[in-house]
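Heads up: the sequence shown runs through residues 834 to 1441, numbered per my numbering. The structure appears below as structure tokens.
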Amino acid sequence: MCGIVGYVGQQDCVPILLKGLSALEYRGYDSAGVAVLENGKMAVRKEVGRLAALEEKIGRMPLSGVIGIGHTRWATHGEPSEVNSHPHLDSKNRIAVIHNGIIENFRELKAFLQGKGVSFRSETDTEVVSQLLSYYYEGDLLKTLFRVIPMLEGSYALGILCQDQPEHLYCVRNGSPLIIGRAKGEFYVASDISAILEYTRDVYILEDDDIADVTKEGIAFYRETGEQVERQTTQIAWSRDSAQKGGYDHFMLKEIFEQPRALRETLAHYVDLETLTIKREAMPFDREQANALEKLTVIACGTAHHAGMIGRVLIETLARVKTETDIASEYRYYDTIDQPGETLIAVSQSGETADTVAAVRKAKGHGSRVVALTNVIGSTIARESDMVMYTLAGPEIAVASTKAYTTQILLFEIIALDLANLRGLLTDEELRERLRELAALPEKAEQVLSHREEVADFAHSEKGCEDVFFIGRLMDYYTSLEAALKLKEVSYIHSEAYAAGELKHGPIALIDDTTLVVATLTQKRIVAKTISNVEEVRARKAKILLVASEPIPLNNPQDTVWRVPDTDDLFSPILMILYVQMFAYYMALQKGCDIDKPRNLAKSVTVE
Ligand code: M6R
834 MCGIVGYVGQ QDCVPILLKG LSALEYRGYD SAGVAVLENG KMAVRKEVGR LAALEEKIGR
894 MPLSGVIGIG HTRWATHGEP SEVNSHPHLD SKNRIAVIHN GIIENFRELK AFLQGKGVSF
954 RSETDTEVVS QLLSYYYEGD LLKTLFRVIP MLEGSYALGI LCQDQPEHLY CVRNGSPLII
1014 GRAKGEFYVA SDISAILEYT RDVYILEDDD IADVTKEGIA FYRETGEQVE RQTTQIAWSR
1074 DSAQKGGYDH FMLKEIFEQP RALRETLAHY VDLETLTIKR EAMPFDREQA NALEKLTVIA
1134 CGTAHHAGMI GRVLIETLAR VKTETDIASE YRYYDTIDQP GETLIAVSQS GETADTVAAV
1194 RKAKGHGSRV VALTNVIGST IARESDMVMY TLAGPEIAVA STKAYTTQIL LFEIIALDLA
1254 NLRGLLTDEE LRERLRELAA LPEKAEQVLS HREEVADFAH SEKGCEDVFF IGRLMDYYTS
1314 LEAALKLKEV SYIHSEAYAA GELKHGPIAL IDDTTLVVAT LTQKRIVAKT ISNVEEVRAR
1374 KAKILLVASE PIPLNNPQDT VWRVPDTDDL FSPILMILYV QMFAYYMALQ KGCDIDKPRN
1434 LAKSVTVE
């Protein structure tokens, strides 16, 4: 989705803006642009397509200045075109606006301005902001913002420059993330932390309805009512290198291989690994709350929803708390039966997914307590929830979620074990035993990842494959759902996941000698049933790949087998998926796909 960058300081801002936009490319976009105050005049360059096209244009028509804004646009209102790309100027070319989000009442505002004789250049919702500001402008842009911002409905993060106030960059946030990094004598604005990690980790996270007036001397925060407020900076722990490829060809591959570290760090944050006890202060429930729990609801989208499904099994199996999962985009509109005092767990890597944010707000509106599992400090979901558990995965740049997923599952494992212990279903000694097993997962993850070449070779042998079915039962079914999503989103290969027992109820009609069936066999007590299903697809001549826990006996030499190191059945999803993440990566690689930025997808789905 769209990306925002901005700079105020003493350096030439153009290379900084372009670098920031390049760091945001992973979010998905179809055009890009910058506006710079050059010798007191507004200078704008925009181009459709990749950032390289904008860079090339700037090479031909250079511009420079010490204050500027930049944007990558993911088209919503109006086709990808130069005129629709941001920044958007008012008719007098003195105010430039970049915007993430959607101005929902833009048609009414546009009609009002057109009625006053204002003519528009673009089809976008964003242009109404620059034109409105221009219409009400009387020499003080901050005052104009206090008048105009309350007129806007929808979600927006805005970066605004005004030619008459060449030292000021204005930032506005309502429902769409925006941060301002502080360095010595300079400020860096971005919609996403990864764009500014190179310069500073000291950031202001704007709150909804905040307006920031940024100059190189300092920053002042206001509410849209005009009241001045104080905001404190937050220290971001992510390292500068964590948002770089670090020698890997793609972020996806780097992030796959970061998982042992991400698991170790996340585990160490919640578990004292010397005493093998859970750190009480980091957990969402105390003994009284744990024992009073009657029901939990988990909501999320995409991969995070798949982690939530695994979480449901963990919590129900270990802690015997009835747990429902729902897709956030359904939950938000469904006529749910809610009781005040219920607990909802919202799972989101970015913490900004529009549907998940809406679901959190709905639950809070019904009096639920919301616990967030997220990866991004200060994200909307983190701020609006009653309690946050962070995955310590570090920035996840590739659109395909990998390390966020496995660390989300790890959090569910810790929550489930803790609840089980607090509810008297697991003794302290049993808890220690399970935690010892959890602590062994990072090393076992390394063992799986060491099979990289084998996975790459298999992907090579399956080059022409057009249909892949993932099958499994219980946990293995939920892991299969994530496996199918991973493969289709990066390699564009048609893939589906089925509960193995469902095959006979329809999907088996699709199986023939061109189909690859991947059977997941990690749930020992049910594995014989899935093996019977494997025989059924073998009889239909499907090619078979088995991803199986080490102790499970398999004896058909024709099948390719990938072995998952033995662990507690409940913990195996974290290990099994690593094989499929690598498989998806290598399938995409040999097809020449844009692995980190798959077509039509965006990293952070901040609009509905
Ligand atoms: O940031 P979130 O975890 O809320 O994102 C949810 C989904 O958009 C995300 O998991 C998506 O499905 C990924 N592309 C999957 O790899």
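We put the CB at the ideal spot given by N, CA and C, even for glycine.
| Check | Outcome |
| --- | --- |
| Unbroken alpha helix (DSSP H) run spanning Ser-967, endpoints | 960-969 |
| Check whether Ile-1341 and Glu-1369 have beta carbons under 8 Å apart | yes |
| Distance CB(Ala-1292)-CB(Tyr-1419) smaller than 8 Å | yes |
| Through-space distance from Thr-1136 to Glu-1149, alpha-carbon basis | 20 Å |
| Exposure of Pro-983, with buried meaning 16 or more beta-carbon neighbours within 10 Å | exposed |
| Same chain, Cβ closer than 8 Å to Val-1146, neighbours up to 5 away in sequence not counted | Leu-1307, Met-1308, Tyr-1311 and Leu-1403 |
| Any non-hydrogen atom of the ligand M6R closer than 7 Å to Ser-924 Cβ | no |
| Any non-hydrogen atom of the ligand M6R closer than 7 Å to Ala-1137 Cβ | yes |
| Boundaries of the beta strand (DSSP E) in which Asp-1159 is found, first to last residue | 1155-1160 |
| Residues near Ile-849 in its chain [Cβ-Cβ closer than 6 Å; skip 5 each side] | Tyr-840 |
| Cβ neighbour criterion (16 or more within 10 Å) applied to Ala-1372 | exposed |
| Beta-carbon proximity list for Glu-880, same chain, < 6 Å, skipping 5 on both sides | Ala-886, Leu-887 and Lys-890 |
| 6 Å CB neighbourhood of Ala-1317 in its chain, flanking five on each side removed | Phe-1303, Ser-1328, Glu-1329 and Ala-1330 |
| Three-pair Cβ contact test at 8 Å for the region 1228-1246 versus the region 1070-1086 | yes |
| Counterpart residues of Ile-1377 in DSSP-defined beta bridges | Val-1350 |
| Residue environment, Ser-1365, which counts as buried when at least 16 other CB atoms sit within 10 Å | exposed |
| Enclosing beta strand (DSSP E) for His-932 [first to last residue] | 928-936 |
| Spatially closest choice to Ser-1162 from His-1139, Ala-1152, Thr-1186 and Gln-1391, by CA coordinates | Thr-1186 |
| Assigned secondary structure, His-1284 (DSSP; H/G/I helix, E/B strand, else coil) | coil |
| Nearest to Ser-1283 (by Cα), restricted to the options Gln-1077, Lys-949, Phe-1090 and Ser-1009 | Phe-1090 |
| Distance CB(Ala-1028)-CB(Leu-1225) smaller than 8 Å | no |
| Classification of Pro-1010 by the beta-carbon crowding that lies within 10 angstroms, buried from 16 upward | buried |
| DSSP beta-bridge partners of Tyr-1331 | Ile-1304 |
| Coarse secondary structure for Arg-1267, derived from DSSP in three states | helix |
| Same chain, Cβ closer than 6 Å to Val-1204, five either side skipped, listed in chain order | Pro-1117, Ile-1178 and Met-1220 |
| Buried or exposed (CB count within 10 angstroms, at least 16 for buried), Asn-1433 | exposed |
| Which of helix, strand or coil DSSP assigns to Phe-1118 | coil |
| Ala-888 - containing alpha helix (DSSP H), residue span | Residue identity differs from the one stated: residue 888 is Glu in this sequence, not Ala. 884-893 is the span of the alpha helix (DSSP H), which, as asked, contains Glu-888. |
| Glu-1299 - DSSP class collapsed to helix/strand/coil | coil |
| Closest Cα partner of Lys-1197 within the set Leu-1206, Gln-1182, Thr-1176 and Ser-1212 | Thr-1176 |
| Best match in Asp-1168, Gly-934, Asp-1159 and Thr-1355 for proximity to Met-834 [C-alpha to C-alpha] | Gly-934 |
| beta-carbon Ser-1027 near the ligand M6R non-hydrogen atom, thresh 7 Å | no |
| DSSP-derived helix/strand/coil call for Met-1415 | helix |
| Every unbroken alpha helix (DSSP H) within the region 1182-1250, with a cutoff of 4 residues, ordered by chain | 1187-1198 and 1213-1217 |
| Assigned secondary structure, Asp-1402 (DSSP; H/G/I helix, E/B strand, else coil) | helix |
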